[in-house]
Amino acid sequence: MKHNYILPMVLLTASMTVCGCTGRHEEMDLSGIHTSAARETMASSTVAATAAPTTAPETEKAPENSGAAAANVSAKVETYKDTEKGSISIQYPVVSNLSDQKIQEQVNELLLTNATSIVDAMAAEDPVTLDITCKVVAVDRSRLTAVYKGTCQVQGGPYPTNVFYTNTVDLKQAKSLGFNDYSDAYTMAGYVMSDDVEFYQATEETTRLLLAHRATMSVEQYTQMFEQADFPLGTSEEMSFPESFSYTHEGVLYFSIPVPHALGDYAIVTFNMDGK
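Counting from 63, one number per residue, gives the positions in the sequence shown under the working numbering.
The structure is reproduced here in structure tokens:
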């Protein structure tokens, strides 16, 4: 369900509510907010399995007359390594037990391509050290959601930066889903700039600093950022790796925004989608 926020003209001067959050939102009072609407090459790389399969029950029941029930869809995590562009280690999921073998091959190619697309983005000029882990948040016969976290350091750079990106894949159509499949850029830009915004696992002090940084941004900047969020990446040669990534889990929309290195390089915003 999509939700609409348009901000009051004096929003940035309005008082800000400190809300370090680890759970879902309480019912929000909206009366003060008026509404409106690379791939990489595998030639020099090696791939090795590094983790046991992650399994989730399928959500669609097999027909009773089909004999034995089909095996559950599963996703094991493997590791891509590349030594030509630096010291690169990136985990990614591999799906098995889809009913359509051709779709399964397309899904796995897409998952690998997206997971490793950060290599070309970060190692365009200088070698990098990339250490990225993958967590499969959810998988069933319809969809897989993976969250990637780690660090990236360009050769000669002063310090490593924290990295966060996600990939949600429609397993029936072998395509990536993104921000506009859950909400829309303008709506969530308004939410980020509102007093209702909540940050995932942020302390009161961290929330205060994040709100101070937010005051340097605008609805227009966040809208543009969210319009370019998530996979698939654009085809333009000028298209850079997205600054924001999103996913949904158990009725909550999670999406990242870039912040200064002193605040961790990214923050996760949460929005409760249930009943909104």
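Where a beta carbon is used, it is the ideal one built from N, C-alpha and C, also for glycine.
Are there 16 or more other CB atoms within 10 angstroms of the CB of residue i, so buried, or fewer, so exposed?
i: Ser308; result: buried
i: Asp243; result: exposed
i: Ala274; result: exposed
i: Arg270; result: exposed
i: Gly252; result: buried
i: Glu260; result: buried
i: Glu140; result: buried
i: Ser302; result: exposed
i: Ala324; result: exposed
i: Thr207; result: buried
i: Asp336; result: exposed
i: Ala277; result: exposed
i: Thr310; result: buried
Report yes if the CB atom of residue i is closer than 8 Å to the CB atom of residue j, and no otherwise.
i: Gln263; j: Thr195; result: no
i: Ser318; j: Phe226; result: yes
i: Leu173; j: Asn224; result: no
i: Val181; j: Asp232; result: no
i: Val135; j: Val201; result: yes
i: Ser306; j: Ala291; result: yes
i: Ala137; j: Val199; result: no
i: Tyr210; j: Ala183; result: no
i: Asn170; j: Val157; result: yes
i: Ala236; j: Ile165; result: yes
i: Ser204; j: Leu295; result: no
Would you give the residue range spanned by the alpha helix (DSSP H) that residue i belongs to?
i: Phe293; result: Phe293 -> no alpha helix (DSSP H), and no H or E assigned at all.
i: Tyr244; result: 241-244
i: Thr310; result: Premise fails: Thr310 lies in the beta strand (DSSP E), 308-311, not in any alpha helix (DSSP H).
i: Gly252; result: 247-254
Give the C-beta separation of residue i and residue j to the nearest angstrom, bearing in mind that I take them to be a contact with Cβ-Cβ under 8 Å.
i: Ala247; j: Thr285; result: 5 Å
i: Val314; j: Thr332; result: 6 Å
i: Thr213; j: Pro220; result: Rounded, the Cβ-Cβ distance is 13 Å, inconsistent with contact.
i: Gly148; j: Ala185; result: 6 Å
i: Asp188; j: Val216; result: 5 Å
What first and last residue would you give for the beta strand (DSSP E) that runs through residue i?
i: Ala274; result: No beta strand (DSSP E) holds Ala274; the alpha helix (DSSP H) holding it covers 266-276.
i: Val199; result: 190-201
i: Tyr262; result: 260-262
i: Glu140; result: 136-144
For residue i, which of helix, strand or coil comes out of DSSP?
i: Ser161; result: coil
i: Tyr227; result: strand
i: Thr175; result: helix
i: Val181; result: helix
i: Tyr284; result: helix
i: Glu167; result: helix
i: Leu206; result: strand
i: Leu325; result: helix
i: Ser238; result: strand
i: Gln217; result: coil
i: Pro155; result: strand
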